[in-house]
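The structure under discussion appears below in the form of C-alpha coordinates.
And the structure:
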(Lines of atoms letter the chains of each structure in order from A; the text may use other names.)
(Lines give C-alpha, C1' and ligand atoms only; values in the text may rest on other atoms or scores of the structure.)
Protein backbone atom coordinates (compact mmCIF):
# COMPACT_ATOMS: atom_id res chain seq x y z
CA UNK A 29 0.00 0.00 0.00
CA UNK A 30 1.38 3.37 -1.03
CA UNK A 31 0.42 6.37 1.11
CA UNK A 32 0.32 9.98 -0.02
CA UNK A 33 -1.03 13.13 1.58
CA UNK A 34 -1.67 16.84 1.25
CA UNK A 35 -0.36 19.17 3.96
CA UNK A 36 -1.73 22.65 4.61
CA UNK A 37 -3.89 24.62 6.99
CA UNK A 38 -7.61 23.87 7.34
CA UNK A 39 -7.97 24.43 3.58
CA UNK A 40 -6.29 21.05 3.02
CA UNK A 41 -9.66 19.48 3.86
CA UNK A 42 -11.29 21.47 1.04
CA UNK A 43 -8.83 20.14 -1.52
CA UNK A 44 -10.16 17.97 -4.32
CA UNK A 45 -6.83 16.13 -4.54
CA UNK A 46 -7.75 13.17 -2.26
CA UNK A 47 -10.70 12.23 -4.49
CA UNK A 48 -8.77 12.87 -7.71
CA UNK A 49 -5.71 10.82 -6.79
CA UNK A 50 -7.72 8.00 -5.18
CA UNK A 51 -9.71 7.65 -8.40
CA UNK A 52 -6.58 7.56 -10.56
CA UNK A 53 -4.96 4.99 -8.26
CA UNK A 54 -7.92 2.69 -8.95
CA UNK A 55 -7.81 3.38 -12.69
CA UNK A 56 -4.17 2.30 -12.99
CA UNK A 57 -4.31 -0.54 -10.46
CA UNK A 58 -2.21 1.00 -7.67
CA UNK A 59 -3.05 0.13 -4.06
CA UNK A 60 -2.78 3.61 -2.68
CA UNK A 61 -4.44 6.10 -0.39
CA UNK A 62 -4.26 9.89 -0.28
CA UNK A 63 -5.28 11.81 2.84
CA UNK A 64 -5.39 15.47 3.93
CA UNK A 65 -3.58 16.69 7.05
CA UNK A 66 -3.91 20.03 8.79
CA UNK A 67 -0.55 21.37 9.98
CA UNK A 68 -0.47 24.09 12.60
CA UNK A 69 1.85 27.09 12.12
CA UNK A 70 5.32 26.32 13.42
CA UNK A 71 4.84 22.56 13.01
CA UNK A 72 6.09 22.18 9.43
CA UNK A 73 9.39 20.67 10.61
CA UNK A 74 7.76 17.88 12.64
CA UNK A 75 5.25 17.32 9.84
CA UNK A 76 8.01 16.75 7.31
CA UNK A 77 9.86 14.48 9.72
CA UNK A 78 6.66 12.44 10.04
CA UNK A 79 6.83 11.74 6.29
CA UNK A 80 10.19 10.07 6.90
CA UNK A 81 9.20 8.24 10.07
CA UNK A 82 5.85 6.97 8.77
CA UNK A 83 7.23 6.12 5.32
CA UNK A 84 4.76 8.37 3.52
CA UNK A 85 5.62 7.96 -0.17
CA UNK A 86 4.88 11.52 -1.23
CA UNK A 87 3.01 14.68 -0.39
CA UNK A 88 1.47 17.77 -1.88
CA UNK A 89 2.03 21.03 -0.05
CA UNK A 90 -0.71 23.62 -0.20
CA UNK A 91 -1.51 27.04 1.24
CA UNK A 92 0.16 28.50 3.24
CA UNK A 93 3.27 26.31 3.49
CA UNK A 94 4.73 26.13 -0.03
CA UNK A 95 7.63 28.35 0.98
CA UNK A 96 7.90 27.44 4.67
CA UNK A 97 8.48 23.77 3.83
CA UNK A 98 11.74 24.39 1.97
CA UNK A 99 14.17 24.49 4.95
CA UNK A 100 12.89 21.08 6.04
CA UNK A 101 13.66 19.29 2.77
CA UNK A 102 16.91 17.57 1.86
CA UNK A 103 17.07 18.62 -1.79
CA UNK A 104 15.15 20.75 -4.29
CA UNK A 105 14.62 20.38 -8.01
CA UNK A 106 16.21 23.14 -10.06
CA UNK A 107 12.84 24.74 -10.76
CA UNK A 108 11.68 24.65 -7.14
CA UNK A 109 14.98 26.17 -6.05
CA UNK A 110 14.63 29.11 -8.44
CA UNK A 111 10.93 29.62 -7.76
CA UNK A 112 11.35 29.38 -4.00
CA UNK A 113 8.18 27.35 -3.51
CA UNK A 114 7.36 23.63 -3.34
CA UNK A 115 4.02 21.90 -3.90
CA UNK A 116 5.19 18.30 -4.34
CA UNK A 117 7.48 16.22 -2.12
CA UNK A 118 8.93 12.82 -3.03
CA UNK A 119 10.41 10.54 -0.37
CA UNK A 120 13.37 8.35 -1.32
CA UNK A 121 14.41 6.39 1.74
CA UNK A 122 14.70 9.06 4.42
CA UNK A 123 15.47 11.82 1.92
CA UNK A 124 12.79 14.32 0.90
CA UNK A 125 13.01 16.15 -2.42
CA UNK A 126 10.83 19.14 -3.28
CA UNK A 127 9.42 19.95 -6.71
CA UNK A 128 7.12 22.59 -8.13
CA UNK A 129 4.48 21.06 -10.40
CA UNK A 130 2.37 24.24 -10.24
CA UNK A 131 4.81 25.74 -12.71
CA UNK A 132 4.95 22.85 -15.15
CA UNK A 133 1.18 22.31 -14.91
CA UNK A 134 0.63 25.95 -15.87
CA UNK A 135 3.04 25.58 -18.79
CA UNK A 136 1.36 22.35 -19.95
CA UNK A 137 -2.00 24.13 -19.95
CA UNK A 138 -0.75 27.09 -21.98
CA UNK A 139 0.70 24.66 -24.51
CA UNK A 140 -2.53 22.65 -24.63
CA UNK A 141 -4.70 25.68 -25.42
CA UNK A 142 -2.19 27.09 -27.90
CA UNK A 143 -1.34 30.32 -26.09
CA UNK A 144 2.10 31.43 -27.27
CA UNK A 145 3.88 33.34 -24.51
CA UNK A 146 6.99 34.68 -26.33
CA UNK A 147 6.60 38.40 -26.91
CA UNK A 148 3.38 38.65 -24.87
CA UNK A 149 2.75 40.99 -21.95
CA UNK A 150 1.31 39.67 -18.69
CA UNK A 151 -0.18 40.89 -15.42
CA UNK A 152 -0.01 38.52 -12.46
CA UNK A 153 -1.99 39.16 -9.27
CA UNK A 154 -0.39 37.60 -6.20
CA UNK A 155 2.95 37.11 -4.47
CA UNK A 156 2.67 33.62 -2.97
CA UNK A 157 3.95 30.25 -4.14
CA UNK A 158 1.60 29.97 -7.11
CA UNK A 159 2.42 33.50 -8.25
CA UNK A 160 6.12 32.65 -8.14
CA UNK A 161 5.51 29.55 -10.27
CA UNK A 162 3.49 31.55 -12.81
CA UNK A 163 6.09 34.32 -13.08
CA UNK A 164 8.86 31.72 -13.43
CA UNK A 165 7.12 30.05 -16.39
CA UNK A 166 6.21 33.32 -18.08
CA UNK A 167 9.80 34.49 -17.73
CA UNK A 168 11.20 31.15 -18.91
CA UNK A 169 8.90 31.19 -21.94
CA UNK A 170 10.17 34.69 -22.75
CA UNK A 171 7.19 36.90 -22.11
CA UNK A 172 8.01 40.44 -23.17
CA UNK A 173 6.98 41.91 -19.82
CA UNK A 174 5.48 40.66 -16.56
CA UNK A 175 3.76 43.04 -14.14
CA UNK A 176 3.28 41.58 -10.65
CA UNK A 177 0.51 43.10 -8.52
CA UNK A 178 0.55 42.62 -4.76
CA UNK A 179 0.12 44.24 -1.35
CA UNK A 180 3.38 43.48 0.40
CA UNK A 181 6.41 45.42 -0.86
CA UNK A 182 8.91 42.85 0.44
CA UNK A 183 7.11 39.96 -1.26
CA UNK A 184 6.94 41.88 -4.52
CA UNK A 185 10.64 42.73 -4.33
CA UNK A 186 11.49 39.10 -3.60
CA UNK A 187 9.79 37.84 -6.76
CA UNK A 188 11.25 40.60 -8.93
CA UNK A 189 14.79 40.11 -7.62
CA UNK A 190 14.79 36.30 -7.62
CA UNK A 191 12.65 35.45 -10.64
CA UNK A 192 11.89 38.54 -12.71
CA UNK A 193 9.14 40.93 -13.66
CA UNK A 194 8.20 44.39 -12.46
CA UNK A 195 6.36 45.17 -9.23
CA UNK A 196 3.16 47.18 -8.96
CA UNK A 197 1.57 47.85 -5.55
CA UNK A 198 -2.11 46.98 -5.68
CA UNK A 199 -3.06 50.42 -4.38
CA UNK A 200 -1.65 51.89 -7.61
CA UNK A 201 -3.10 49.41 -10.08
CA UNK A 202 -5.95 51.68 -11.18
CA UNK A 203 -3.85 54.85 -11.16
CA UNK A 204 -2.08 54.13 -14.43
CA UNK A 205 -2.81 52.78 -17.87
CA UNK A 206 -1.97 49.08 -18.02
CA UNK A 207 -1.94 46.92 -21.13
CA UNK A 208 -1.53 43.16 -21.18
CA UNK A 209 -2.16 40.19 -23.44
CA UNK A 210 -2.93 37.91 -20.50
CA UNK A 211 -4.08 38.55 -16.92
CA UNK A 212 -3.52 35.80 -14.34
CA UNK A 213 -4.98 35.49 -10.87
CA UNK A 214 -2.44 33.69 -8.70
CA UNK A 215 -4.04 34.72 -5.40
CA UNK A 216 -6.35 32.39 -3.48
CA UNK A 217 -9.27 34.79 -4.00
CA UNK A 218 -11.88 34.38 -6.75
CA UNK A 219 -15.27 35.13 -5.16
CA UNK A 220 -16.49 38.64 -4.27
CA UNK A 221 -17.34 37.55 -0.72
CA UNK A 222 -13.71 36.51 -0.18
CA UNK A 223 -12.47 40.04 -0.93
CA UNK A 224 -14.96 42.72 -1.99
CA UNK A 225 -12.03 45.12 -2.30
CA UNK A 226 -10.14 42.99 -4.82
CA UNK A 227 -13.35 42.26 -6.72
CA UNK A 228 -13.94 46.01 -7.06
CA UNK A 229 -10.37 46.65 -8.20
CA UNK A 230 -10.57 43.95 -10.87
CA UNK A 231 -13.97 45.12 -12.07
CA UNK A 232 -12.63 48.63 -12.65
CA UNK A 233 -9.52 47.49 -14.55
CA UNK A 234 -9.40 48.48 -18.21
CA UNK A 235 -6.57 46.26 -19.61
CA UNK A 236 -6.69 47.18 -23.30
CA UNK A 237 -5.43 44.43 -25.59
CA UNK A 238 -6.18 41.60 -23.16
CA UNK A 239 -6.74 38.26 -24.93
CA UNK A 240 -7.33 35.98 -21.95
CA UNK A 241 -7.92 35.98 -18.20
CA UNK A 242 -6.70 32.97 -16.19
CA UNK A 243 -7.79 32.10 -12.66
CA UNK A 244 -5.46 29.56 -11.06
CA UNK A 245 -8.33 28.57 -8.71
CA UNK A 246 -11.30 26.52 -9.80
CA UNK A 247 -14.72 25.45 -8.64
CA UNK A 248 -16.00 28.81 -7.41
CA UNK A 249 -19.72 29.21 -8.24
CA UNK A 250 -19.33 33.00 -8.36
CA UNK A 251 -16.06 34.21 -9.86
CA UNK A 252 -15.25 37.88 -10.41
CA UNK A 253 -12.32 37.04 -12.71
CA UNK A 254 -14.71 35.16 -14.97
CA UNK A 255 -17.16 38.05 -14.77
CA UNK A 256 -14.38 40.39 -15.87
CA UNK A 257 -13.58 38.16 -18.85
CA UNK A 258 -17.23 38.17 -19.90
CA UNK A 259 -17.38 41.95 -19.50
CA UNK A 260 -14.30 42.31 -21.70
CA UNK A 261 -15.48 39.58 -24.13
CA UNK A 262 -12.18 37.73 -23.77
CA UNK A 263 -11.35 34.08 -23.17
CA UNK A 264 -11.52 32.81 -19.59
CA UNK A 265 -9.66 29.81 -18.19
CA UNK A 266 -10.02 28.60 -14.62
CA UNK A 267 -7.69 26.27 -12.77
CA UNK A 268 -9.41 22.99 -13.65
CA UNK A 269 -7.05 21.93 -16.43
CA UNK A 270 -4.06 23.42 -14.60
CA UNK A 271 -4.85 21.28 -11.54
CA UNK A 272 -5.18 18.19 -13.74
CA UNK A 273 -1.84 18.82 -15.43
CA UNK A 274 0.01 19.46 -12.18
CA UNK A 275 -1.61 16.40 -10.59
CA UNK A 276 -0.39 14.32 -13.52
CA UNK A 277 3.15 15.63 -12.98
CA UNK A 278 3.03 14.91 -9.23
CA UNK A 279 1.67 11.42 -9.88
CA UNK A 280 4.51 10.67 -12.30
CA UNK A 281 7.12 11.86 -9.79
CA UNK A 282 5.66 9.61 -7.07
CA UNK A 283 4.95 6.48 -9.12
CA UNK A 284 7.09 6.82 -12.28
CA UNK A 285 3.89 6.15 -14.22
CA UNK A 286 2.80 8.67 -16.84
CA UNK A 287 -1.00 8.79 -16.87
CA UNK A 288 -2.77 10.92 -19.46
CA UNK A 289 -4.18 14.22 -18.20
CA UNK A 290 -7.65 13.21 -19.34
CA UNK A 291 -7.75 10.57 -16.59
CA UNK A 292 -7.31 13.29 -13.97
CA UNK A 293 -10.00 15.39 -15.64
CA UNK A 294 -12.35 12.39 -15.55
CA UNK A 295 -11.67 12.00 -11.83
CA UNK A 296 -12.46 15.68 -11.29
CA UNK A 297 -15.73 15.34 -13.21
CA UNK A 298 -16.68 12.31 -11.11
CA UNK A 299 -16.04 14.36 -7.97
CA UNK A 300 -18.39 17.07 -9.23
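Numbering (my numbering), first residue to last: 29 to 300.
Note that the Cβ used here is the ideal one computed from N, Cα and C, for glycine as well.
On a predicted model such as this, the values are computed, not experimentally measured, just so you know.
Runs of 4 residues minimum, wholly inside the stretch 246-275: which ones carry the alpha helix (DSSP H) assignment? 252-260
With a threshold of 7 Å on Cβ separation, who are the neighbours of residue 282 within its own chain once the five nearest residues in sequence on each side are excluded? 32, 85, 86 and 118
Within the continuous alpha helix (DSSP H) that includes residue 134, where are the two ends? 129-141
CB residue 108 to CB residue 93, shorter than 8 Å? no
Assign residue 274 to one of two classes, buried (16 or more other C-beta atoms within 10 Å of its C-beta) or exposed (fewer than that). buried
Helix or strand or just coil, what does DSSP make of residue 113? coil
Would you report the Cα separation of residue 35 and residue 258, rounded to the nearest angstrom? 35 Å
Pull the bridge partners of residue 120 from the DSSP assignment, please. 123
For residue 78 versus residue 103, is the C-beta spacing smaller than 8 Å? no
Identify the residues that DSSP records as bridge partners of residue 149: which are they? 173
Could you spell out the range, first to last residue, of the beta strand (DSSP E) harbouring residue 74? Premise fails: residue 74 lies in the alpha helix (DSSP H), 72-81, not in any beta strand (DSSP E).
On a Cα-Cα basis, can you pick out the residue from 148, 150, 272 and 154 that is closest to residue 45? 272
In this structure, does DSSP put residue 101 in helix, strand or coil? coil
What would DSSP say about residue 243, mapped onto helix, strand or coil? strand
From this set, 63, 80, 161 and 136, which residue's C-alpha is nearest residue 95's C-alpha? 161
How do the stretch 184-197 and the stretch 229-247 stand: do at least 3 beta-carbon pairs fall below 8 Å, yes or no? no
Alpha helix (DSSP H) segment containing residue 182, residue limits: 181-190
With DSSP as the reference, label residue 235 as helix, strand or coil. coil
Distance check for residue 211 and residue 147, CA to CA, integer angstroms please. 15 Å
Quick check: the stretch 245-263 against the stretch 48-66, are there 3 or more CB pairs under 8 Å? no
Quick one: is residue 141 buried, meaning 16 or more other Cβ sit within 10 Å of its Cβ, or exposed? exposed
Please report the residue range of the beta strand (DSSP E) in which residue 64 lies. 60-66
Opposing strand residues paired with residue 30 [DSSP bridges]: 60
Can you list, in chain order, the residues of its chain whose CB lies under 7 Å from that of residue 129, leaving out five sequence neighbours each side? 115, 116, 274, 277 and 278
Reference residue 89, options 83, 101, 229 and 81, closest by Cα: 101
Output needed for residue 30: all residues of its chain with C-beta closer than 6 Å, excluding positions within five of it in sequence on either side, in chain order. 60 and 85
Under 8 Å by Cβ, that's how I've got residue 176 and residue 155 pegged, so tell me the actual separation to the nearest angstrom. 7 Å
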